[in-house]
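Undergrad: Letter by letter, the sequence shown follows residues 71 to 538 in the numbering used here. Yeah, the Cβ is synthetic: ideal placement off N, Cα and C, and Gly gets one too. Can you keep this structure in mind? I'll have questions shortly.
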Amino acid sequence: MKSTSSRKFLPLTALVAFASVAPAAELTLQEQIDALKARLQELDSKVRPLQRAETTAGDKGFILASPDAANSLRVRGLIQADSRWFFDKSIENDAIVLRRARIGLEGKFGKTTDYQVTGEFAGSTATILDANVTLNYSPEVQLKFGRFKTPVGLEQLQSDPALLFAERSVVSQLLPNRDLGVQVGGDLFDARVSYAVGVFNGTTDGGNNTSQTDTNDGKSLAARVTFQPWVKDKESLLSGLTFGLGGSYGLEDANGALATGFKTDGQQTFYSYRTAGATGTTTAVTSNGKVWRLTPQVSYYRGSFGFIGEYVTSSSDIKAVNTTTSTSVVNSTQTVNLKNHAWQIQASYVLTGEEAGYKGVTPANDFDRAAGTWGAFEVVGRLSSIKFDDQAFAGASANFQIVDPAKFARSADTFGIGLNWYLSKVARLSFDYEYTRFQQAAGASAPAATSVISKPERALLTRFSLNF
Numbered sequence: 071m072k073s074t075s076s077r078k079f080l081p082l083t084a085l086v087a088f089a090s091v092a093p094a095a096e097l098t099l100q101e102q103i104d105a106l107k108a109r110l111q112e113l114d115s116k117v118r119p120l121q122r123a124e125t126t127a128g129d130k131g132f133i134l135a136s137p138d139a140a141n142s143l144r145v146r147g148l149i150q151a152d153s154r155w156f157f158d159k160s161i162e163n164d165a166i167v168l169r170r171a172r173i174g175l176e177g178k179f180g181k182t183t184d185y186q187v188t189g190e191f192a193g194s195t196a197t198i199l200d201a202n203v204t205l206n207y208s209p210e211v212q213l214k215f216g217r218f219k220t221p222v223g224l225e226q227l228q229s230d231p232a233l234l235f236a237e238r239s240v241v242s243q244l245l246p247n248r249d250l251g252v253q254v255g256g257d258l259f260d261a262r263v264s265y266a267v268g269v270f271n272g273t274t275d276g277g278n279n280t281s282q283t284d285t286n287d288g289k290s291l292a293a294r295v296t297f298q299p300w301v302k303d304k305e306s307l308l309s310g311l312t313f314g315l316g317g318s319y320g321l322e323d324a325n326g327a328l329a330t331g332f333k334t335d336g337q338q339t340f341y342s343y344r345t346a347g348a349t350g351t352t353t354a355v356t357s358n359g360k361v362w363r364l365t366p367q368v369s370y371y372r373g374s375f376g377f378i379g380e381y382v383t384s385s386s387d388i389k390a391v392n393t394t395t396s397t398s399v400v401n402s403t404q405t406v407n408l409k410n411h412a413w414q415i416q417a418s419y420v421l422t423g424e425e426a427g428y429k430g431v432t433p434a435n436d437f438d439r440a441a442g443t444w445g446a447f448e449v450v451g452r453l454s455s456i457k458f459d460d461q462a463f464a465g466a467s468a469n470f471q472i473v474d475p476a477k478f479a480r481s482a483d484t485f486g487i488g489l490n491w492y493l494s495k496v497a498r499l500s501f502d503y504e505y506t507r508f509q510q511a512a513g514a515s516a517p518a519a520t521s522v523i524s525k526p527e528r529a530l531l532t533r534f535s536l537n538f
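As structure tokens, this is what we get:
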């Protein structure tokens, strides 16, 4: 009987024991699952940095980036091949030229550091155009140092592939271009206000400071501020309106260089400071004192229409030393303040309906003859003018004039129209007709028949540009 009773209660005992163990077994399994998940996450964090970097190639260049995109290297390029055809056959300057040939590297390290290095190979010698690092503290505060464009001119700061015409206007020739320095800038009030201010070595009007050292102790302060009050109101007719003010101020000693020459749209020199007078005389002209520039500017973009305009005053204290060598040596020094002025307005309209913009036009469809698509077409127009200080042409005699009035113009007025064909995001064909009229200083003798300023310049300029 006892044995039989034990057999009856055995299944019940086993059931109770299983019931008491089951919750413990289920909890252990959950813990194992959680531990496995944690282990997988740990392994993933270790393997991810070892994964192959991501590479892409397209209209934005060739990009090598880390899997998390925190670090990147982009290879960029720009090729611009031009032709210049002059209607005046007494000046034999028709040419096909390689205007720009650039290779650049840019990218970032983490979220705070951007870098850029760009080389120019179109000239007789290779040069470094840009080499800079930007530290991004916040959208409002960004620190930039190295060689880059001085923050002054509107058109001067526009990238070369985005220009409406093959060449910048005469306004940009009175403004500094690239220089070595340090700059702080950023966007304020939800990007309605942008600013940039920096200290630079100082460079000539329209000049690129490619020297590794400064030729004098003088430095330049440059700044630019822009306002876009309605930029966030996309429905407003004023949403594309931007106006601003740029300027620079510096001190240059007697070693400060001046612009080597001002050029027409056809790249012919029509104004230059004297470096040699008549036989036996030499005139050296340099900056010697205050150099300042001021340029109010405006731009407006609405749909397919675009417009930019700016005015500039450039002031320089000039020193000219003339040495006459014959039976005796006579030194004559004159100092004068020269103020030069220029203005320009440009307008554009995209015939195919794409949006116009400061950074250029992006065609809705690339040119593809088989598919029947033609890219984008844009018509452009420009008026500009430059006037040089009359004092540059004055002097007791020809040998003491800072600028030779028989060779160079006192002013130049230009008119241009053009057509831009955007074959794709990276390729563009441009056709420009440029007309420039010159005026000599009062009392100047007639220029030689072969002189650039002897008659108006009429030129047809073409360009094929590849930018990636």
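(1) From which residue to which residue does the alpha helix (DSSP H) around Glu-124 run?
(2) What's the gap between the Cα of Val-167 and the Cα of Ala-151?
(3) Judging by CA-CA distance, which residue of Glu-176, Arg-146, Leu-234 and Lys-181 is the nearest neighbour of Ile-487?
(4) Looking at the structure shown, is Arg-439 part of a helix, part of a strand, or coil, going by DSSP?
(5) My parser needs the beta strand (DSSP E) runs of 3 or more residues fully inside the region 243-301; what are they?
(6) Using the Cβ count rule (16 or more neighbours within 10 Å means buried), how would you classify Asn-537?
(7) Using three-state DSSP, classify Asp-164 as helix, strand or coil.
(8) On the three-state DSSP scale, how would you describe Val-496?
(9) Which whole-angstrom value is the C-beta distance of Ala-412 and Ser-455, which I expect to be below 8 Å?
(10) What does a CB cutoff of less than 6 Å around Arg-539 pick up in its chain, not counting 5 residues either side in sequence?
(11) Is the Cβ-Cβ distance between Leu-245 and Thr-365 less than 8 Å?
(12) Near Tyr-343, which residues of its chain fall below 7 Å by C-beta distance, leaving aside the five closest residues on each side in sequence?
(13) Check whether the Cβ atoms of Gln-226 and Ser-208 sit closer than 8 Å, and answer yes or no.
(14) Quick one: grab the DSSP three-state call for Glu-504.
(15) Pick from Asn-206, Tyr-185 and Ala-236: whose alpha carbon is nearest that of Arg-217?
(16) Can Ser-290 and Tyr-319 be called in contact, C-beta distance under 8 Å?
(17) Quick test of your reading: Leu-531 and Ala-232, contact by CB under 8 Å. State the CB separation rounded to the nearest angstrom.
(18) May I ask which residues mark the beginning and end of the beta strand (DSSP E) holding Leu-453?
(19) Name the DSSP beta bridge partners of Lys-360, please?
(20) Between the Cα of Gly-310 and those of Gly-317, Gln-298 and Phe-157, spot the shortest distance and give me the residue it belongs to.
(21) Ordered along the chain, which non-local residues of its own chain (more than five positions away) have a Cβ less than 7 Å from that of Ala-462?
(22) Skipping 5 residues on each side, what residues in its chain have a beta carbon closer than 6 Å to that of Ala-540?
(23) Am I right that Thr-188 and Leu-199 are in contact with their C-beta atoms under 8 Å? What's the rounded C-beta distance?
(24) Looking at the C-beta of Gly-445, does it have a partner C-beta in chain B at a distance below 8 Å?
(25) Rounded to whole angstroms, what's the CA-CA distance from Leu-493 to Gly-451? Just pull it up for me.
(26) If Gly-272 sits next to Asp-249, beta carbons under 8 Å apart, how far is it from one beta carbon to the other, in whole angstroms?
(27) Tell me which same chain residues have a C-beta within less than 6 Å of the C-beta of Ser-386, skipping the five on either side of it?
(28) Under 8 Å Cβ to Cβ from Thr-125, same chain only, skipping five residues before and after it: list those, please.
(29) Could you give the distance in angstroms between the alpha-carbon of Val-254 and the alpha-carbon of Lys-219?
(30) If we call anything under 8 Å between Cβ atoms a contact, is Gly-314 one with Thr-339?
(31) Rounded to a whole number of angstroms, what is the C-alpha to C-alpha distance between Thr-484 and Ser-160?
(32) Sorted by chain position, which residues of the same chain lie with C-beta nearer than 6 Å to Phe-437's C-beta, five sequence neighbours on each side aside?
(33) Between Val-211 and the rest of its own chain, which residues show a CB-CB distance below 6 Å, the 5 nearest in sequence each way excluded?
(34) Run the CB neighbour count on Ser-535, radius 10 Å, all protein chains shown included, and call it buried at 16 or more, exposed below.
(35) Beta strand (DSSP E) containing Leu-134: first to last residue?
(36) Give me the Cβ distance between Gly-268 and Val-252, rounded to the nearest whole Å; I'm assuming they're in contact under 8 Å.
TA: Concretely, from the data shown:
(1) Bounds of any alpha helix (DSSP H) do not take in Glu-124; it lies within the beta strand (DSSP E) bounded by 124-128.
(2) For Val-167 and Ala-151, the distance between alpha carbons rounds to 6 Å.
(3) The option with the nearest alpha carbon to Ile-487 is Leu-234.
(4) In the three-state DSSP reduction, Arg-439 falls in the coil class, being neither helix nor strand.
(5) Runs of the beta strand (DSSP E) inside the region 243-301: 248-258, 263-270 and 290-297.
(6) With 16 or more other Cβ atoms within 10 Å, it is buried.
(7) Residue state, collapsed to three classes: coil.
(8) Reduced to three states, the DSSP call for Val-496 is coil.
(9) So it is a contact: roughly 6 Å between Cβ atoms.
(10) The question about residue 539 has no answer here: the residues shown for the chain are numbered 71 through 538.
(11) Contact: yes.
(12) These residues qualify, in order along the chain: Leu-328, Val-355, Ile-472 and Val-473.
(13) No, the Cβ-Cβ distance between Gln-226 and Ser-208 is not below 8 Å.
(14) Shown here, Glu-504 sits in a strand according to DSSP, grouped into three states.
(15) Comparing Cα positions, the closest option is Tyr-185.
(16) Closer than 8 Å, so yes.
(17) Not confirmed; about 17 Å, so no contact.
(18) Segment 446-457, the beta strand (DSSP E) holding Leu-453.
(19) Lys-360 pairs with Leu-321.
(20) The shortest CA-to-CA distance from Gly-310 to any of Gly-317, Gln-298 and Phe-157 is the one to Gln-298.
(21) Closer than 7 Å at the Cβ level, and outside the excluded window around Ala-462, lie Leu-408, Ile-472 and Val-473.
(22) Residue 540 is absent from the model: the chain starts at 71 and stops at 538.
(23) Yes, Thr-188 and Leu-199 are in contact; Cβ-Cβ is about 5 Å, under 8 Å.
(24) In the structure shown, chain B cannot be found, because there is only a single protein chain.
(25) When the Cα atoms are used, Leu-493 and Gly-451 turn out to be separated by approximately 20 Å.
(26) Contact holds; Cβ gap of about 7 Å.
(27) Excluding sequence neighbours, Ser-386 sits near Ser-357, Val-361 and Leu-408.
(28) Cβ within range, chain order: Phe-132, Ile-133, Leu-134 and Ala-135.
(29) Val-254 and Lys-219 have their C-alpha atoms some 13 Å from each other.
(30) With contacts defined by Cβ atoms closer than 8 Å, Gly-314 and Thr-339 do not form a contacting pair.
(31) About 20 Å.
(32) So the qualifying residues of the chain are Trp-444, Gly-445 and Leu-493.
(33) If you ignore the 5 residues before and after Val-211, its C-beta comes within less than 6 Å of the C-beta of Gly-256, all in its own chain and listed in chain order.
(34) Ser-535 sits buried, since 16 or more C-beta atoms from the chains shown fall within 10 Å of its C-beta.
(35) Looking at the DSSP string, the run of the beta strand (DSSP E) that includes Leu-134 is 131-135.
(36) For a cut-off of 8 Å, the C-beta gap from Gly-268 to Val-252 is around 6 Å, short enough to register as a contact.
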